[in-house]
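Q:
Number of protein chains: 4
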Amino acid sequence: MAARIVKDDALLKRLSASGAPNYSAISPGEYRYKVQRLLPYLSEEGFIWYKGMVETAVARAFAKRGIVPASAADEIAAAAAEITAQEVYAEDELVHHDIVALVNRIRSRISEGSRGAVHRAATSCDIIDTANALRFRDAFREVILPDCAEFIGVMIEIIRRERNTLQIGRSHLQHGEPITFGFSQAWFLDRFGGRVMRMREASEALVGKFSGAMGAYNAQSLFVKDPVVFEREVLGQVGALPAGISSQIVQPEFVGDLMHFCLGGFSVLANWADDMRNLMRPEIGEISLQRGRDVSTSSTMPHKQNPVGLENIKSLWKEAAGRITTRYMDMISENARDLTNSASQRFIPEVFDIFDYAVTRGTRIAKALKIDPQNMKKNFEISKDTIPSEPLQLLLSSVGWTDAHFDIGKLADRAAKEKRNVVEIAREDKELAKYIKRIKEEQLEMLSDPHRYTGEASAKAAEIADKWEAKLRGLNRSPG
Amino acid sequence: MAARIVKDDALLKRLSASGAPNYSAISPGEYRYKVQRLLPYLSEEGFIWYKGMVETAVARAFAKRGIVPASAADEIAAAAAEITAQEVYAEDELVHHDIVALVNRIRSRISEGSRGAVHRAATSCDIIDTANALRFRDAFREVILPDCAEFIGVMIEIIRRERNTLQIGRSHLQHGEPITFGFSQAWFLDRFGGRVMRMREASEALVGKFSGAMGAYNAQSLFVKDPVVFEREVLGQVGALPAGISSQIVQPEFVGDLMHFCLGGFSVLANWADDMRNLMRPEIGEISLQRGRDVSTSSTMPHKQNPVGLENIKSLWKEAAGRITTRYMDMISENARDLTNSASQRFIPEVFDIFDYAVTRGTRIAKALKIDPQNMKKNFEISKDTIPSEPLQLLLSSVGWTDAHFDIGKLADRAAKEKRNVVEIAREDKELAKYIKRIKEEQLEMLSDPHRYTGEASAKAAEIADKWEAKLRGLNRSPG
Amino acid sequence: MAARIVKDDALLKRLSASGAPNYSAISPGEYRYKVQRLLPYLSEEGFIWYKGMVETAVARAFAKRGIVPASAADEIAAAAAEITAQEVYAEDELVHHDIVALVNRIRSRISEGSRGAVHRAATSCDIIDTANALRFRDAFREVILPDCAEFIGVMIEIIRRERNTLQIGRSHLQHGEPITFGFSQAWFLDRFGGRVMRMREASEALVGKFSGAMGAYNAQSLFVKDPVVFEREVLGQVGALPAGISSQIVQPEFVGDLMHFCLGGFSVLANWADDMRNLMRPEIGEISLQRGRDVSTSSTMPHKQNPVGLENIKSLWKEAAGRITTRYMDMISENARDLTNSASQRFIPEVFDIFDYAVTRGTRIAKALKIDPQNMKKNFEISKDTIPSEPLQLLLSSVGWTDAHFDIGKLADRAAKEKRNVVEIAREDKELAKYIKRIKEEQLEMLSDPHRYTGEASAKAAEIADKWEAKLRGLNRSPG
Amino acid sequence: MAARIVKDDALLKRLSASGAPNYSAISPGEYRYKVQRLLPYLSEEGFIWYKGMVETAVARAFAKRGIVPASAADEIAAAAAEITAQEVYAEDELVHHDIVALVNRIRSRISEGSRGAVHRAATSCDIIDTANALRFRDAFREVILPDCAEFIGVMIEIIRRERNTLQIGRSHLQHGEPITFGFSQAWFLDRFGGRVMRMREASEALVGKFSGAMGAYNAQSLFVKDPVVFEREVLGQVGALPAGISSQIVQPEFVGDLMHFCLGGFSVLANWADDMRNLMRPEIGEISLQRGRDVSTSSTMPHKQNPVGLENIKSLWKEAAGRITTRYMDMISENARDLTNSASQRFIPEVFDIFDYAVTRGTRIAKALKIDPQNMKKNFEISKDTIPSEPLQLLLSSVGWTDAHFDIGKLADRAAKEKRNVVEIAREDKELAKYIKRIKEEQLEMLSDPHRYTGEASAKAAEIADKWEAKLRGLNRSPG
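Residue numbers (my numbering), protein chains in the order written: chain A, 1 to 480; chain B, 481 to 960; chain C, 961 to 1440; chain D, 1441 to 1920.
1. Along chain A, which residues have their Cβ under 9 Å away from the Cβ of C/V1188?
2. Quick one: grab the DSSP three-state call for A/H173.
3. Quick one: is B/K705 buried, meaning 16 or more other Cβ sit within 10 Å of its Cβ, or exposed?
4. C/N1178 to A/I179, Cα distance in whole Å?
5. In the DSSP assignment, the alpha helix (DSSP H) including B/V708 goes from what residue to what residue?
6. Evaluate the contact criterion for the segment 659-669 of chain B versus the segment 627-636 of chain B: three or more CB pairs, one atom per stretch, below 8 Å.
7. With 16 other CB atoms within 10 Å as the buried threshold, where does A/R115 fall?
8. DSSP has A/S288 in a bridge; who is on the other side?
9. Report the partner residues of C/L1126 according to the DSSP bridge assignment.
10. Would you say B/L849 and B/L927 are within 9 Å of each other, going by their C-beta atoms?
11. Would you grab the beta carbon distance between C/E1279 and D/A1783 for me? Rounded to a whole angstrom, and I think it's under 8 Å.
12. Within its chain, find whatever has a CB closer than 6 Å to the CB of A/P227; leave out the 5 residues flanking it on each side and keep chain order.
13. For chain D, check one thing: does any of its Cβ atoms lie closer than 9 Å to the Cβ of C/Q1134?
14. Is the shortest distance between the beta-carbon of C/I986 and the beta-carbons of chain D less than 9 Å?
15. Just to confirm my understanding: we take B/A500, look at its own chain, exclude 5 residues before and 5 after, and list those with CB closer than 6 Å. What are they?
16. In terms of residues, what are the limits of the alpha helix (DSSP H) holding B/S747?
17. Could you pull out every residue in the same chain whose Cβ sits closer than 6 Å to the Cβ of A/A85, ignoring the five residues on either side in sequence?
18. Checking 9 Å against the spacing of the C-beta atoms, do C/I1059 and C/I1036 come in under that value?
19. Which chain A residues are close to B/S498, counting only those with a beta carbon under 8 Å from its beta carbon?
20. Flag C/K1169 as yes when its Cβ comes closer than 8 Å to any non-hydrogen atom of the ligand SAM, and as no otherwise.
21. What residues match up with B/G688 in a beta bridge as DSSP calls it?
22. Is it the case that the Cβ atoms of B/L872 and B/A906 are separated by a distance below 9 Å?
23. In the DSSP assignment, the alpha helix (DSSP H) including C/Y1177 goes from what residue to what residue?
24. Less than 9 Å between the beta carbons of C/H1056 and D/R1733, yes or no?
25. Closest to B/E657 by CA distance: which of D/R1777, D/R1763, D/Q1476 and D/V1799 is it?
26. Output the boundary residues of the alpha helix (DSSP H) element that contains B/A553.
27. Compare the C-alpha of D/P1828 against each of D/V1863, D/D1812 and D/K1850 and name the closest.
28. Check the Cβ of C/I1368 against every Cβ in chain B and list those closer than 7 Å, keeping chain order.
29. Short of 6 Å in beta carbon distance, which residues of its chain neighbour A/E91, apart from the five on each side in sequence? Order them along the chain.
30. Using only the alpha-carbon positions, how far apart do B/S691 and D/G1634 sit?
31. Could you list the residues in the segment 1064-1094 of chain C with a C-beta less than 8 Å from some C-beta on chain A, going in chain order?
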């Protein structure tokens, strides 16, 4: 039922009229980073639509039990679908209560005899918290997870295409051992994919409630003998489940988990963006992008190729990363509930919006990335003489040489200075030469050709690409 | 010049047309917590207006030096005032650069001969960072600080009115020693006022720049011999100053300071809100509020009097408090500047907006607060028998009794259990009675009447009220 | 194998000698909040012990393949168990590398022929990251989760004992509808328990690695044909698993998850502590605690009963809550790995330590809590006249009265003012009386006796207690 | 008086015995990042010493007024200086109160007649908060600020030495316009120095209190007629001042400011560290460091030169940056004070310690930095053909060419591709050539030699060095 929302004409019409960038806005989410497709779920208009849907679910569940007439539930459903945020806010001005305002607006649109069926036995948070669970779930199900899946798809392509493209591996920003570019991307894909799977679980696990003002089913027990069962019937109308127990509010940990996994995915994406823009440094030049939306010039330096898209991803992450703390603060709500979680949780959609914006941007950039194997090779050559010092040391050590570490270090420094291969220099050393002779021929080969010293880079890249192709099929399939 | 903005007709007209609550918004800052008076400064429309003002300042400074014609500067000024965010964004779609878009729009509106004077020698951040400094300064100068001053004014009134209203002082949520309600409010006033003074300093200290793409005045030095002096002339046009040195960007610490002091003020306000709503607990009842915008009923429990206004202040604080971390992250901008501070700093106005919203709401609530001296007295009486145990112990100790602490503790427990005054019980003890005789009469009086044991509470309350009345006069006077 | 650590005599002896509170320490974790039982896992001495265990695992796996002699592995195992942090640090002073220092110390203790088997094909992070995974897993498995289980056990007892103890439910710090004290505790138990289950999953899911300096098995592939399989053999020695792919480091998301769930549990505990100390306010007095370790007097006010233990839990939470941000920052490690995650992740154990300290303290307090049913009843009575306004409104609404909400609100206010039951007042109203007659007798009963209006509070409390008793059995059983 | 502490023999002896790295510690502050010189201020032993000093100040102030005998104050002073943390903690085990424990230990060491003078009229926080203000102030005055001054001194030297060393300026990690290396360092120096000056102000502005349990001077007014004046006398004994008003605690904003400025300085340092280690990339190589404490090799790749010292600075910053949030949380202390600021503020010294550790390490690294002008030149050459596009565009624009921006961009791209100077290519264009002729000769020179296009880089570098040399003299001079 919930998935139907993207096709709800009345809502989409309202949003299309007003969902344009709004330059009188203070929040950059409104005028700059707004994802139009998310508005049915994350906008205030959409939120009110979802609250109306929950009011409908309550009425329908009572109707199924024969406690309210089915016609009343039908009237409520019809009214809820039509109500606009504007009218609710106008009513709120009079009654100073957002849910009372919504309830009044529904009541005003239906026959008098049906009015008693509206909001029956419900407390505000039965409606609000359930609506939040549904809209966040749907935002992920319908937009964010598919957008993540698209990024995953592009990464799979890159990894497969570049699984054998030689690149110097780096750590500490220094040259390490050889890898392939595809392998380096597999590291990001597997981490990002892992977070996406957790986001999916967490968004589907969001809980609703229909347990009344204290969570103890006080009001519900006036009408049904089995309010715990009845809660499941109400939530079942919108495909949701309750937690083990609620107070006035649902357990805040569940939405905290979704935020955590989302910020984790955001962190991986930011890490990828950082790496990519570093590889675009003029001195490195291993990847490049055409000028356009994501690479801009400067207002004064026309020769610049600024990776603004990649920088933007990192910058949005900076804005989002600290916001988890608010979620922990919201886990403290005194005496069953104070309202200090109300305004703060209204900002949650902002984070989901900028995450989705960043993912989509990342996808566009990933598609456009140009790999420069020549520059990768050129950079690799800087270290080709010293790279064999790792395998040399390991092999010497395996044939009995014991103080390998520091001596090889000195040799490597000499190799770098003299621009000669470290193995060549090692062979000139009498003591070392003695041990080098003991090394097996096939192992020695690796020393003579550092380009081959890439271990399982290519195989692992392929494995990760295959793994996520399989999982991707699951991701794109709605669980509902 | 900057202060003139609130009277800029074109801008205000644009904002009034579009500044209404926008229910298709994702950010609650747009549909719920928007402070209309802040839009000239904090909205995107206002930001572009300010950027136009800085472009004008650049042209005027060059004109004063005779490097560009005065008429060109006039044309730029006229064009800048008219340009809308909408047209800049439309251009941005083509050129993928916000400042190039603005510059193009200005150029398109002026005579061909004047076009070369636009954005002369400037880099984007010369315009952006200076505009941010100006608009944040003006937002505080024109709206936020005056709003804070109003809260201070209301607190002064409360403190003076209630400086002698007896209240049991609390710590650890337990009863301590007697104070007055006015004194308890003075604690909040002095702290809040202190933060406001620092916000004022920090907002006036925000820095601009006109030092070019690297901060080294490369471009400026093509046109003037003394670019460091010339930077001051440009900034002087809009009443701003540069920092000691800039890179592509201004030193990010200054706006970080403003955020820090703002969050400090927010914290004090949240502390006050927490205290007030705790005093509204039915079991305490020392203050109350009428139902209305800030105290709402429940959608299901019509008897409730929920302090939603006070809870809202705390909740907005929760949202804001963690955001300072982003400011520290923005202090790290690699190699003179990466753009990773760009999107993140666009969210700064959101914090200023919700802070101002909370202050204004706090003012409205403070004005409406009803003090209940009867309930204060009733709560005080709970502890009246044990309160003298502090002065009793101190006085016994001062006349030679040495193991005062723990014995008096037991007496206090007995006093609580038997509901008799602790001094009365002490007099029955032979050893203690011996020491009690040594206490001076005037000191003993305090023991017999705990209501008088309020120390300097009243005097200190008055002192703090006077102090802030004097400072308030300064606060309301624009420093420009 | 890992679980054996708590019985490792050499390590425990080293720790018992030096694990005493250290007053020259700067960190309060050392002199004040140190959990002695955690030292084998979370201390630096313990960390080095675990690193030695991983070096042993590497050697044993190579020995199983016949690549190094079994005797070498035995020598390494014996040496690793004996090495002290002190000697490793002394060596580190010379070589400026913590893992090289450890390796040198192992080598110095074994026969020359076995030295080549030490650290074979390993990079530092193969050892460090795997050791962290193991020690964090074991710290949770052996200490933290059992401590959480004890808190859960005490909560189960309280809930069962107090499942029928009437308490006014609160929200917004105001009186809502009736619940039972046991029900209010079940809310905390279910949330806390939920977090504990996630901590368990996350701690068991921590990943190790044996994939070399770039994660591409470069070095490993010198010695084995199937390094991906071999990695599982190495990790299998210590009961761990790898992630899908690693770079120089393991995927940082896994330890981030553990931190997130831990902070969630901490938040629930802090929420509970806040509620308990509020119920200890003199004006509320629904629970109390004896003076002692967790309730102290004041240095000057001998009558005070300060709930310092409960305040301490909240305060430690405040210290911990913001630290998750560092975990997201650590998810960004440039170019396969920079070392900027090294110092920061060394602080992770501090959070686990203070969480465990807080849990243990919470358990002690929960055991000592005294419930005061008289005061609960007294507080309940404050609202007994207005409480029926919720069911009254709902029932009126269900029998056709449509504008129920606001009228009942006025009646409730009158009830509070006149100290008469709201239903009584309602019956006097002609129009309402008409509707009241339509309400079923059994529903009306609830109105006449608000004490019975507790819904499913008691039943739900029992259900939650049973649920966690069953899960507890699983929690105390080591999964290894 | 306070400055005397570093020479207090008894304290230093206690610390030297136990201040060694403690490997049974959980906190890395203890076993790895401990700054020995900070222990007199930041360790628990030092804290208790400072609390003793405040107790002494109280007694001396009373003695000066003739309220207690001078001999009692002398006895207290002598006792306070000798008391060890160990004995206070042993007593705390019995009385469950840290300040009562300290007071009891002082009393046990002095004559019976003097015991009544101990802790006269004081509440615990009078002692604790004042001691914190003093020890934090002294830690900055005696250790941290001088350490910062040393870093500043080294930076001044570098800037002067390298003020003319040509370097390509960068932004967005791309090449911008020419600067000098000295200029790039001046950007960090001025920002860091600015933060240091604010740390100095904030540390000297920390406030104490002697206003009793509620801040209302209840107890004090039993003994003196003018407790507000008397508070200044007490604090004057230790060179401190009170805030305008206190509650049970001092206003928490002051220590929050110190933390904020400290984290700002930390951020600048981390920014510098990031830049330096990026300049050490093998592909850039503009600076280098010898292997040693701050540049280590790898445990498996002997050729690596890992900038571990610079990475460590960034990593410690990551750990510290989020901790400011706890300070804002501590600004909320309910009802004059709850104790939820107690444990959390005990962690403040940890941040000061790791900041100082990072500064000292940064100084060592800055001293050892080797600049490579050849590589700077080599990297500069990459962009030498396109760099003149900025001045070319500006100059064309100034002589009437209006669509300068985009055309020059294309020329710059051609220049990069054809490896020819952009001005050369421009001259071939008929239309442009027409405008180029109008440019003044002296301006054209800049185009032909991009190496000269450094604006005020060198002069500004010198100015900043001079500015901080002058301020440095102030910084090293104790304000006491």
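The beta carbon of each residue, even a glycine, is placed where N, CA and C say it ideally should be.
A: In short, the structure shows the following:
1. E456, A459, K460 and E463
2. The amino acid occupying residue 173 of chain A in the given sequence is Leu; His does not appear at that position. The answer is coil: DSSP assigns A/L173 none of H, G, I, E or B.
3. exposed
4. 8 Å
5. Residues P707 to G716.
6. yes
7. buried
8. A/K370
9. C/T1140
10. no
11. The C-beta separation of C/E1279 from D/A1783 comes to about 6 Å, placing the pair in contact by the 8 Å criterion.
12. Y217, Q220 and S221
13. no
14. At least one chain D Cβ lies under 9 Å of C/I986.
15. none
16. E733 to L759
17. E44, E45 and I48
18. no
19. Neighbours of B/S498 across chain A, judged by C-beta separation under 8 Å: N22, Y23 and S24.
20. No copy of the ligand SAM appears in this structure; indeed no ligand is present at all.
21. Residue pairing by DSSP places B/G688 opposite B/P722 in a beta bridge.
22. It is a contact, given that the beta carbons lie within the stated cut-off.
23. Note, C/Y1177: premise wrong, no alpha helix (DSSP H); not H, not E.
24. Cβ distance < 9 Å, so C/H1056 and D/R1733 count as in contact.
25. D/R1777
26. A550 to E562
27. Of D/V1863, D/D1812 and D/K1850, the residue nearest in Cα terms is D/V1863.
28. P782
29. Counting only Cβ-Cβ distances below 6 Å, and skipping sequence neighbours, we find A101, N104 and R105.
30. 19 Å
31. R1067, E1072, G1073, R1075, G1076, R1080 and A1081
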